[in-house]
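Counting from 16, one number per residue, gives the positions in the sequence shown under my numbering. The next block holds one structure in the form of structure tokens; read it before the comments.
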Amino acid sequence: MKAAILGFGTVGSGVWKVLHENKDRVEKAVGEPVMVTRVLDLRDFPGHPVEPSLVKSFEEIEDDPQIDIVIECMGGIHPSYEYVSSALEKGKAVVTSNKELVASCGAKLMEIAYQHQTDFLFEASVGGGIPILNTLRLGLVQEKIDSIEGILNGTTNYILTRMEKEGLPYEQILKDAQALGYAERNPEADVMGYDACRKIAILASMISGKTVRYEDIPTEGITEVSLQDIEEARKDGKRIRLVAKAALTEDGVTASVRPERIREDHPLAGVQGVFNAVLIHGNMVGDIMLEGQGAGKEATASAVVSDVIYALKQRRNGLYEPVCWTEQICPVNA
Ligand code: HSE
């Protein structure tokens, strides 16, 4: 089967790496080999094995009937939305790591995919390498999920935990997070809480079945958290973490993103570095916690490739997923 990657940055090149290094596993899981035949990027990569596959225009991908799946790793809404919707309309499956796109246009894109009997999947948009969406979509599909609470941004958790241990101000540690490929292109999205807000909007939409608009979620980042705040919390037996929450109510959801002082024995207090964690409460199963690397090239790419395998298996079997949530707006209560 043939795949195209849109964007050869941190995530796109990670997807290339996972598909090549774990080629045999991928082939076994899908039932046939998967080849990346086209990669869209405006840059050149002289000497890199990707070179012969590079293309400069999306038309070369959408007009190629041999491409079964498009892997969107560009980020942002435009032109990602146009490329993804066009690929779906041509019957190709699409996988993305783009939380901005999913939080803003997820319902619409799932509907287009459904109408064209294909899949639009986005595991890597929340929690990096943690299989959170697939857990909700497959393992917990039978559950009514009442609430989800978690640490959903790797950069800010990396910053807060290093501030805790090393007593350095956040601006200094942010530079390391950028060098390690954790932070967004504009790191304001991380430190202001916007990235975690989009991720909790996606999770809240999953559990409510309707669109939870990220603009409706009260959001506060870590820019006001000082070393003194961290020290005072420590003296009280607490730690500061950027916590994102959503819970079902009778007529909608409650949701928020803000730095919280949490007791040292709380499961989220032990989450260190770039790790994310999610506590899920289901009405039958009770509490579940998932923890893992929330950002970074390989972890995020691994989640993308899990969707690639799933979508290609579905395609081989003539199957496609129902939409996870509709375009109907879900009220957000404070
Ligand atoms: N900047 C994001 C984070 C990347 O730090 O969590 C993964 O979505």
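A virtual CB, placed ideally from N, CA and C, is assigned to each residue, including glycine.
Check: How is the alpha helix (DSSP H) around Thr150 delimited, first residue to last?
Finding: Taken as a continuous stretch (DSSP letters only), Thr150 belongs to no alpha helix (DSSP H), as it is neither H nor E.
Q: Tell me whether Pro146 is buried or exposed, calling it buried when 16 or more other Cβ atoms sit within 10 Å of its Cβ.
A: Buried is the call here.
Cross-strand partners of Met50 (DSSP beta bridge):
For Met50, which the question treats as bridged, DSSP gives the partners Lys17.
**Q.** Where Lys225 falls: helix, strand or coil (DSSP)
**A.** Of the three classes helix, strand and coil, the one that applies to Lys225 here is coil, per DSSP.
- Beta-carbon spacing of Ile163, Leu218 below 7 Å: The criterion of a C-beta distance shorter than 7 Å is satisfied by Ile163 and Leu218.
Using a threshold of 6 Å, is the CB atom of Thr111 nearer than that to any non-hydrogen atom of the ligand HSE?
No.
task: Between the Cα of Gly267 and those of Glu158, Asp231, Thr176 and Glu36, spot the shortest distance and give me the residue it belongs to.
output: Closest option to Gly267, Cα to Cα, is Asp231.
Closest Cα partner of Gly196 within the set Ser223, Phe137 and Ala314
When only C-alpha atoms are compared, the closest one is Ala314.
Residue closest to Glu306, alpha-carbon to alpha-carbon, out of Tyr129, Gln187, Pro282 and Glu126: Nearest of Tyr129, Gln187, Pro282 and Glu126 to Glu306, Cα basis: Pro282.
- [ ] Given a cut-off of 7 Å, decide if Glu77 and Lys105 are closer than it, judged by their beta-carbon atoms.
- [x] For Lys105 and Glu77, yes; Cβs fall inside 7 Å.
Q. Secondary structure at His353, three-state DSSP: helix, strand or coil?
A. Absent from the model: residue 353. The displayed extent of the chain is 16 to 349, so no value can be given.
Buried or exposed: Thr226, going by 16 or more other Cβ atoms within 10 Å of its Cβ?
Buried is the call here.
Tell me the DSSP bridge mates of Met304? DSSP output for Met304 lists Leu294 as bridge partner(s).
Open item on the list: Can you determine whether any heavy atom of the ligand HSE sits closer than 6 Å to the C-beta of Thr25, and answer yes or no?
Closed with: The nearest non-hydrogen atom of the ligand HSE is 6 Å or more from the C-beta of Thr25.
Can you tell me whether Pro64 is helix, strand or coil according to DSSP?
Correct three-state label for Pro64: coil.
**Opposing strand residues paired with Ile163 [DSSP bridges]** = Partner(s): Ala261 and Ile295.
Backbone secondary structure at Ile127 - three-state DSSP: Residue state, collapsed to three classes: helix.
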